[in-house]
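Contents: one structure, followed by commentary.
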């Protein structure tokens with residue numbers, strides 16, 4: 007009996023030790039992750055002024071198709087820097103009738119619920135184009151979206167409609183062609199779904215022709231679009247008020263990672279920058 011009691015207490019001590027070890031290990035990993043994350047944040051913050059200057063110079067060198075990429079290692083931190091044009095549609099621009107029509111066609115091209123665009127318009131502007139206000143779970147702010155995360159709350163529909171193309175389930179949804187910072191659509195970089203939505207007469211084939219043309223010839227004058235098969239001078243006239251030939255907003259991506267004690271931590275810093283105003287429009291970390 008004494009032996010059994012001793013064995014019981016020995017096993018209990020072992021189990022307690024294992025449990026304490028697991029708790030200590032979990033706490034160690036947690037604190038190490040916090041330390042590594044803070045290290046990445048500090049390094050990224052230190053680099054931001056230099057990246058703004060790099061973005062400005064990238065724009066000066068090529069305002070039509072600005073792009074810069076660099077990889078470096080500093081203090082055991084691996085860093086990838088990308089500067090590129092913002093290729094998305096600013097959801098806040100739909101308060102303008104012309105851009106609302108683009109957004110309406112874009113929503114149709116992604117097979118969104120038929121009044122999806124009206125809910126978004128109501129959320130931003132407060133003007134009801136025929137939606138059921140009582141179906142919303144959150145009170146609309148009736149102002150510009152600060153982040154496209156607000157799209158999740160602005161309609162009564164399931165979020166899955168945002169992330170997948172509801173016409174073609176295996177492709178990305180409308181979420182990936184929208185943002186809240188871009189100050190203009192650049193014909194040299196804007197994404198295909200947006201090109202297709204500029205006018206009801208622009209087919210998928212014509213949109214691809216535009217992309218093929220701009221890949222071969224930088225478009226410095228919107229009148230050059232008449233060289234594209236399927237586009238008439240009248241078509242160009244209809245869409246040129248929506249477009250520019252140079253970047254209005256740059257995206258600066260800073261992807262950093264570090265590893266210590268078997269723990270790896272990643273951080274992405276995303277900066278929206280206006281080269282014309284020389285101003286940061288927004289910044290986020292994830």
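Numbering (this note's numbering), first residue to last: 7 to 292.
Idealized CB from N, CA, C, for every residue including glycine.
Computed from a predicted structure; not experimentally measured.
- Close CB contacts of residue 84 within its chain, under the 6 Å cut and outside five residues either way in sequence, are with 263 (chain order).
- By the Cβ test, the segment 39-54 is in contact with the segment 272-279, since at least three Cβ pairs between them sit closer than 8 Å.
- Residue 82 carries a coil assignment under DSSP once its states are collapsed to helix, strand and coil.
- By a beta-carbon distance limit of 8 Å, residue 109 does not contact residue 161. Their separation comes to about 13 Å.
- By the Cβ rule, the segment 68-82 does not count as touching the segment 95-115, because fewer than three pairs are nearer than 8 Å.
- Considering only 218, 247, 236, the residue with the shortest C-alpha distance to residue 204 is 247.
- Here DSSP, grouped into helix, strand and coil, assigns residue 204 to coil.
- Counting only runs that start and end inside the segment 110-179, the alpha helix (DSSP H) elements of at least 4 residues fall at 122-131, 166-169.
- The C-beta of residue 63 has fewer than 16 other C-beta atoms within 10 Å across all chains shown, which makes the residue exposed.
- In the DSSP annotation of this structure, the continuous segment of the beta strand (DSSP E) that includes residue 272 starts and ends at 269-280.
- In the structure shown, residue 45 adopts helical secondary structure according to DSSP, grouped into three states.
- Cβ-Cβ separation between residue 187 and residue 267: approximately 38 Å, too far for a contact (criterion under 8 Å).
- Residue environment analysis places residue 152 among the exposed positions, since fewer than 16 neighbouring C-beta atoms fall within 10 angstroms of its C-beta.
- The beta carbon of residue 143 is closer than 8 Å to those of 159, 162 in its chain, skipping five residues each way along the sequence.
- Check the Cα spacing between residue 245 and each of 216, 180, 170: the tightest is with 216.
- Shown here for residue 173: same chain residues with a beta carbon closer than 6 Å to its own, the five before and five after excluded, namely 117 in chain order.
- Boundaries of the alpha helix (DSSP H) around residue 244: 239-246.
- A residue is called buried once 16 or more other Cβ atoms fall within 10 Å of its Cβ, and residue 167 is buried on that count.
- In this structure, the alpha-carbon of residue 137 lies about 7 Å from that of residue 124.
- The alpha carbon of residue 271 has as its nearest neighbour, out of 261, 111, 91, the alpha carbon of 261.
- With a threshold of 16 other beta carbon atoms within 10 Å, residue 231 meets it and is buried.
- For a cut-off of 8 Å, the C-beta gap from residue 286 to residue 254 is around 14 Å, too long to register as a contact.
- Here residue 57 is not near residue 200, since their CB atoms are 8 Å or more apart.
- Assigned with DSSP and collapsed to three states, residue 219 falls in helix.
- Burial check for residue 179: the Cβ neighbour count within 10 Å reaches 16 or more, so the residue is buried.
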